[in-house]
Amino acid sequence: MPLTITLTLDLHVHTNYSHDGHDSIEKILKSAIAKKLDGVAICDHDTMEGFFAARKYVVDNHLDLIIIPGIEVTTSESHLIVLGLEEGLEKGLSLEETIRIARQKEKKGTVVIIAPHPYHPFRHSIGNLCTHSGIDAIEIFNSRYFFGVANKIASGKATRNNVTAVAGSDAHSAECVGLATIEVEVETEQKPEHEAILRMIKEGNVRIKSCKRTPFWVYFKQLL
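Just so it is clear: in the sequence shown, position 74 is 765 by this note's numbering, and no numbers are missing.
In structure tokens, the structure reads:
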């Protein structure tokens, strides 16, 4: 059997390329490394610019950190996380059309579509559409909650419908990177690439590792 390595990843991270992101690429990635993450998915709102900047920063500084391409795209019904594409998606399209276009652009089965914070009442959430056949995974733990009720609803929905469960910090500042993480195992024959990680997630070979909520003081600071 091939040797494998376990990777710890945060699948939902924002930078200041998001309209509501607070910290630079440098701060975000330094935080990920300090917290011993193997990789992060940069999922800025309706733009891929943060991903491209993060990938360049890692290459230029010879960092041992996997950058997964991502976007949190605004559809007419909800937000949707799409991992694995290296080009943007148009905002404002229907959920169905967004999924169709993402699949059309998919190569080698390495696009993963996630329903983020599906039951949060104030964050353009997808609700019961999280079990749509075009969605690969449900974010059952999102760190940006004061209370845990919406996460529990999402977890139950994923379990009852046999949908892959993932977690993400939804970090909008450096200190929150890594609050919620997942683990995947990939073969160690070569340096892990994001495609191998996404294939494992798409196949359901993923474990949730950490589930910590965003501290209250972070919310307070971001309101100032």
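For glycine and all other residues, C-beta sits at the position ideal for the given N, C-alpha and C. All values derive from a computational prediction rather than experimental measurement.
List the endpoints of the continuous alpha helix (DSSP H) containing residue i.
i: Ile733; result: Not the alpha helix (DSSP H): Ile733 falls in the beta strand (DSSP E), residues Gly730 to Ile733.
i: Leu722; result: The amino acid occupying residue 722 in the given sequence is Ser; Leu does not appear at that position. Looking at the DSSP string, the run of the alpha helix (DSSP H) that includes Ser722 is Ile716 to Ala725.
What is the residue span of the beta strand (DSSP E) that residue i lies within?
i: Asp701; result: Thr695 to Val704
i: Thr765; result: Ile757 to Thr765
On a CA-only basis, which of the options is nearest residue i? Give me that one, please.
i: Tyr636; options: Ile696, Leu728 and Gly741; result: Beyond the ends of the chain as shown, which are 692 and 915, falls residue 636; an answer cannot be given.
i: Asn896; options: Ile844, Leu784, Asp714 and Asn853; result: Asn853
i: Glu717; options: His710, Tyr748 and Thr738; result: Tyr748
i: Gly712; options: Ile888, Asp861 and Leu774; result: Asp861
i: Lys822; options: Asn752, Glu886 and Ile804; result: With the sequence shown as reference, residue 822 is identified as Thr, and Lys is not the correct amino acid for it. Considering only alpha carbons, the answer is Ile804.
i: Val764; options: Asp751, Asn752 and Ser785; result: Ser785
i: Gly761; options: Glu866, Gly859, Glu874 and Glu876; result: Gly859
i: Ser824; options: Tyr836, Ser846, Leu774 and Thr855; result: Thr855
i: Cys813; options: Thr699, Val802, Tyr836 and Lys799; result: Note on identity: in this sequence residue 813 is Phe, with Cys being the wrong assignment. Minimum Cα distance to Phe813 is reached at Tyr836.
i: Leu774; options: Met739, Leu698 and Glu788; result: Met739
i: Glu778; options: Cys734, Val877 and Phe838; result: Cys734
i: Thr699; options: His710, Lys726 and Thr706; result: Lys726
i: Asp701; options: His863, Ala849 and Val909; result: His863
i: Thr850; options: Ile829, Glu886 and Glu866; result: Ile829
i: Phe838; options: Phe907, Val857 and Ile892; result: Phe907
i: Glu874; options: Ala745, Asp751, Ile899 and Val840; result: Ile899
i: Glu886; options: Thr801, Lys848 and Glu781; result: Thr801
i: Leu694; options: Glu894, His703 and Lys882; result: Lys882
i: Ile724; options: Asn842, Glu866 and Lys798; result: Glu866
i: Ile826; options: Lys721, Ile844 and Glu788; result: Glu788
Name the DSSP bridge partner or partners of residue i?
i: Leu774; result: Gly761 and Val803
i: His736; result: Glu763
i: Asn707; result: Answer is none; Asn707 lacks a bridge partner.
i: Asn833; result: Gly859
Would you check whether the ligand MN has a heavy atom nearer than 6 Å to the C-beta of residue i?
i: Leu702; result: Inclusion of the ligand MN in the displayed structure is not the case, the ligand content being empty and no account of it being possible.
Next item on the list: Return the chain-ordered ranges of every alpha helix (DSSP H) run that is complete within the stretch 836-906 and spans a minimum of 4 residues.
Entry: Secondary structure remark: continuous alpha helix (DSSP H) runs of at least 4 residues inside the stretch 836-906, in chain order: 840-851 and 885-893.
Notebook entry, point to check: Between the stretch 894-909 and the stretch 852-872, do at least 3 Cβ pairs fall closer than 8 Å?
Noted result: Cβ pair count under 8 Å is three or more, so yes.
Next item on the list: Check whether the stretch 756-766 touches the stretch 727-739, counting contact only when three or more Cβ pairs, one atom from each stretch, lie closer than 8 Å.
Entry: Result yes; three or more Cβ-Cβ pairs closer than 8 Å.
Checklist line | 3-residue-minimum beta strand (DSSP E) runs that sit fully inside the stretch 781-831, ordered along the chain | finding: 803-806
Check: At a cut of 8 Å, does the stretch 808-820 reach the stretch 791-798 through at least three beta carbon pairs?
Finding: no
Margin query: Under 8 Å, with one C-beta from each stretch per pair, do the stretch 814-828 and the stretch 764-781 reach the 3-pair mark?
Written below: The stretch 814-828, when compared against the stretch 764-781, does touch it at the 8 Å Cβ threshold.
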